[in-house]
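Going by the numbering used here, the first residue of the sequence shown is number 111, and it counts up by one from there.
C-beta atoms are modelled at their ideal positions from N, C-alpha and C, and glycine is treated no differently.
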Amino acid sequence: MDKKKQQVVYLHGLSSSGQSTTAQRLRRTLPKHEVISPDIPVQPELALTELRRLASLLRPDAIIVGTSMGGMFAQLFRGFRRILINPSFHPSRHLSGSVGKRLPFHNPRVDGAVDFQVTDKLVKKYEKLEERQFDPKFGIQGRNPDSRDQVCAFFGTRDTVVNCKEEYLAHYGDARDFDGEHRLDPNTTITLIVPRILELTAAE
């Protein structure tokens with residue numbers, strides 16, 4: 111990891127990867143930042159293990175950005191500054207309708223996997239994580255004290271896939287609406303998310 115550049119971690123949504131178009135766009139538009147975008151394991155316990163390992167390598171001023179399911183995992187980075195975009199705090203609800211199916215990954219994965227199996231056990235694992243996700247003692251602990259002021263979220267007014275804004279506001283205060291759907295489009299990335307990252311960087 112580059113010790114000189116501001117670190118930005120991008121966490122992708124379900125069925126995606128660290129090679130998503132959003133991750134690539136962040137790298138192109140933030141050349142002075144180190145954009146880190148890991149493949150999140152499908153199994154939530156493995157995801158937490160990998161993300162905790164990543165957190166241990168980050169500087170305390172790292173900025174965590176997450177979309178959809180990645181927004182749920184980003185929220186768990188206690189003590190870090192976090193930007194959530196259309197966060198999906200209950201991926202189990204989406205997965206429950208696909209039990210018994212194999213769902214494709216929409217972007218290449220480092221391990222070469224092209225799809226994954228949805229099982230009742232996988233759904234239950236996510237349900238267990240979801241029950242604890244807002245517990246301040248649970249999650250991915252950073253070196254800084256945690257604060258609700260470290261978190262902001264963007265919600266697309268035309269998002270028909272997920273609506274967790276009310277649940278978000280029960281725990282945090284900084285919620286911002288934008289004219290967009292669930293998927294993070296190029297315009298929103300460039301006009302809203304990148305400026306917010308630069309704003310946080312300038313506040314150092």
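Three-state secondary structure (DSSP) of residue i
| i | result |
| --- | --- |
| Q260 | helix |
| T229 | coil |
| A285 | strand |
| Q153 | coil |
| G266 | strand |
| Q129 | coil |
| T167 | The sequence shown places Leu at residue 167, rather than the Thr named in the question. Helix at L167. |
| P148 | coil |
| F187 | strand |
| L213 | strand |
| R181 | Arg is not the amino acid found at residue 181; the sequence shown has Gly there. Three-state DSSP puts G181 in a helix. |
| L279 | helix |
| Q134 | helix |
Euclidean distance between Cα positions of residue i and residue j
| i | j | result |
| --- | --- | --- |
| H281 | K275 | 10 Å |
| N217 | T298 | 20 Å |
| P151 | A313 | 32 Å |
| K114 | L140 | 14 Å |
| R188 | G207 | 31 Å |
| D256 | F190 | 7 Å |
| V272 | F248 | 23 Å |
| L279 | R242 | 17 Å |
| R253 | K234 | 30 Å |
| S198 | M179 | 5 Å |
| R293 | P170 | 29 Å |
| L239 | V261 | 20 Å |
| V175 | A223 | 24 Å |
| T177 | E155 | 19 Å |
| K231 | L158 | 17 Å |
| T229 | T301 | 39 Å |
| T267 | I303 | 16 Å |
| G123 | G181 | 8 Å |
Residue environment, residue i, which counts as buried when at least 16 other CB atoms sit within 10 Å
| i | result |
| --- | --- |
| G128 | buried |
| Q116 | buried |
| P201 | buried |
| D287 | exposed |
| D269 | buried |
| T132 | buried |
| R258 | exposed |
| L167 | exposed |
Identity of the residues DSSP links to residue i by a beta bridge
| i | result |
| --- | --- |
| H143 | Q116 |
| I174 | V119, R192 |
| Q251 | R188 |
Any non-hydrogen atom of the ligand NAP closer than 7 Å to residue i Cβ
| i | result |
| --- | --- |
| R188 | Judged by which ligands are present, the structure shown has none, so any question about the ligand NAP falls away. |
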